[in-house]
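See structure below.
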Amino acid sequence: MDNLLDSWTAGQDKVVRVGAAEAVFASLRNAIEAGKIPVGARLDSEASLAQQYGVSRSMVREALKSCNALGLTATFTGKGTFVIADRVAQDLKLGKYSARDLVEARPHIEVPAAALAAERRTVEDVEALREILEAMSDEDDLQQWILLNAEFHATIARCSGNGVFVGVLTDIREAMGDQSITLNLVADRRKESDREHARIFAAIERGSAQEASRAMTRHLHGVECALGSLVPGGGN
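Right under this line is the structure:
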């Protein structure tokens, strides 16, 4: 691609204003959907895009992951990333699972896990969850926040004392992370998620299984609604 980005990159001030990965993702998505980067075109390398936008390669990598998840691009090892569609797919592609898979499955896993965690948590469990939430509230880096988010949900599963819940959360952890990256690049849910997580934690700390179930249900519904605003048929 002969510097196709030059004609439509908004400038480095945009990168600074809205965040590096967010700006790169928005710019790439807009250009693809507008046909400025046509279907079949090969995107520049991560290093080249990072130089063009004046950001790190990790920021470009996050943006490309989200383009892949939306079904706009596909990355092939040794060949690069290619535009495969000019409109968002009906469902996010998250490795071996889809966003719809997660939306349908997570309530059956994480709601009962939260209830059991409230009944079985130890003092050490409560402190571990508290430390994760405090770190999340202070974290500005999206990638680090997503890692902490995954650890919060995994810790609740461990607190439940049910090995099946732990195993399932471990299996879907990567897909959840990819989904979270995309959701936060398109519509930053970090503050809202932090509030939802705080309510889940408070219920677990109090030992209320009913409140923990309700709080986790509201959180997962919020994720579903955010997906619905992102992709056709992705949620309510």
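For the sequence shown, the positions run 15 to 250 when my numbering is used.
Here a beta-carbon is modelled for each residue, glycine too, at the ideal position from N, C-alpha and C.
Is V53 helix, strand or coil by DSSP? The residue given as residue 53 occupies position 39 in the sequence shown. Coil at V53, not helix or strand.
T23 versus S174: straight-line alpha-carbon distance, rounded: Working through the sequence shown from its first residue, we reach residue 23 at position 9. Working through the sequence shown from its first residue, we reach residue 174 at position 160. Bear in mind that a pLDDT of 43 at T23, under 50, signals an unreliable position, so the number given afterwards is only what the model happens to contain. Going from the Cα of T23 to the Cα of S174 covers about 48 Å.
Status (buried if at least 16 other CB within 10 Å, exposed otherwise) for F90: By 1-based counting over the sequence shown, the position of residue 90 is 76. F90 is exposed by the Cβ-count criterion.
Mapping DSSP to helix, strand and coil, what is L222? As a working mapping, residue 222 is identified with position 208 in the sequence shown. Correcting the residue identity first, residue 222 is Ser in this sequence and not Leu. Of the three classes helix, strand and coil, the one that applies to S222 here is coil, per DSSP.
Alpha helix (DSSP H) runs contained entirely in the segment 123-185, provided each spans 4 or more residues: 137-152, 156-174
Please name the residue in A212, A216, M190 whose C-alpha comes closest to that of V237. The count along the sequence shown starts at 1 and reaches residue 237 at position 223. It is M190 whose Cα lies nearest to the Cα of V237.
So, at 6 Å on beta carbons, what are the nonlocal neighbours of R172 in its own chain, with the 5 sequence-adjacent residues on each side left out? Indexing the sequence shown from 1 puts residue 172 at position 158. Taking C-beta separations shorter than 6 Å and ignoring five residues to either side along the sequence, the partners of R172 in its chain run V180, following chain order.
Exposed or buried, which one is Q104 when buried takes at least 16 other CB atoms within 10 Å? Here residue 104 refers to the residue found at position 90 when the sequence shown is read from its first residue. Q104 should be labelled exposed.
Note down the Cα distance separating P52 from E188, rounded to an integer number of angstroms. Looking up residue 52 in the sequence shown gives position 38. Looking up residue 188 in the sequence shown gives position 174. For P52 and E188, the distance between alpha carbons rounds to 30 Å.
Using a 10 Å radius around the Cβ and a threshold of 16 neighbouring Cβ atoms, would you call A48 buried or exposed? Working through the sequence shown from its first residue, we reach residue 48 at position 34. A48 is exposed by the Cβ-count criterion.
To which residues does DSSP link Y111 through a beta bridge? The residue labelled residue 111 in the question sits at position 97 within the sequence shown. According to DSSP, Y111 bridges with L108.
Quick one, are the C-beta atoms of I195 and S72 less than 7 Å apart? Position 181 of the sequence shown, counting from 1, holds the residue named residue 195. Position 58 of the sequence shown, counting from 1, holds the residue named residue 72. The answer is no: Cβ separation not under 7 Å.
R135 and I214: beta carbons closer than 7 Å? To locate residue 135, count along the sequence shown from 1; it is residue 121. To locate residue 214, count along the sequence shown from 1; it is residue 200. The Cβ atoms of R135 and I214 do not sit closer than 7 Å to each other.
For A48, report the span of its beta strand (DSSP E) as first-last. One-based indexing of the sequence shown puts residue 48 at position 34. No beta strand (DSSP E) holds A48; DSSP gives it neither H nor E.
Kindly confirm or deny that the segment 110-120 and the segment 226-241 touch, where touching means at least three C-beta pairs closer than 8 Å. Yes: the two stretches touch, three or more of their Cβ pairs being nearer than 8 Å.
Pull up the DSSP beta-bridge partners for A88, would you. The residue labelled residue 88 in the question sits at position 74 within the sequence shown. DSSP lists F96 as partners of A88.
Rounded C-beta distance between A131 and I170? I'm assuming under 8 Å. Working through the sequence shown from its first residue, we reach residue 131 at position 117. Working through the sequence shown from its first residue, we reach residue 170 at position 156. Going by Cβ atoms, the distance from A131 to I170 rounds to 5 Å, so yes, they are a contact pair.
In its own chain, which residues sit with a C-beta less than 6 Å from the C-beta of V97, not counting the 5 before and 5 after it? The count along the sequence shown starts at 1 and reaches residue 97 at position 83. Once the five neighbours on either side are set aside, the close Cβ partners of V97 are I46, I51, V53, A55, T87.
Determine the contact status of R232 and W159, defining contact as a CB-CB distance below 7 Å. In the sequence shown, counting from the first residue as 1, residue 232 sits at position 218. In the sequence shown, counting from the first residue as 1, residue 159 sits at position 145. Contact: no.
Output yes or no for whether 7 Å exceeds the beta carbon distance between L84 and V102. Stepping through the sequence shown from its first residue, residue 84 is reached at position 70. Stepping through the sequence shown from its first residue, residue 102 is reached at position 88. Less than 7 Å divides the Cβ of L84 from the Cβ of V102.
Roughly how many whole angstroms lie between the Cα atoms of Q157 and E133? Within the sequence shown, the letter at position 143 stands for residue 157. Within the sequence shown, the letter at position 119 stands for residue 133. The alpha-carbon atoms of Q157 and E133 are separated by roughly 32 Å.
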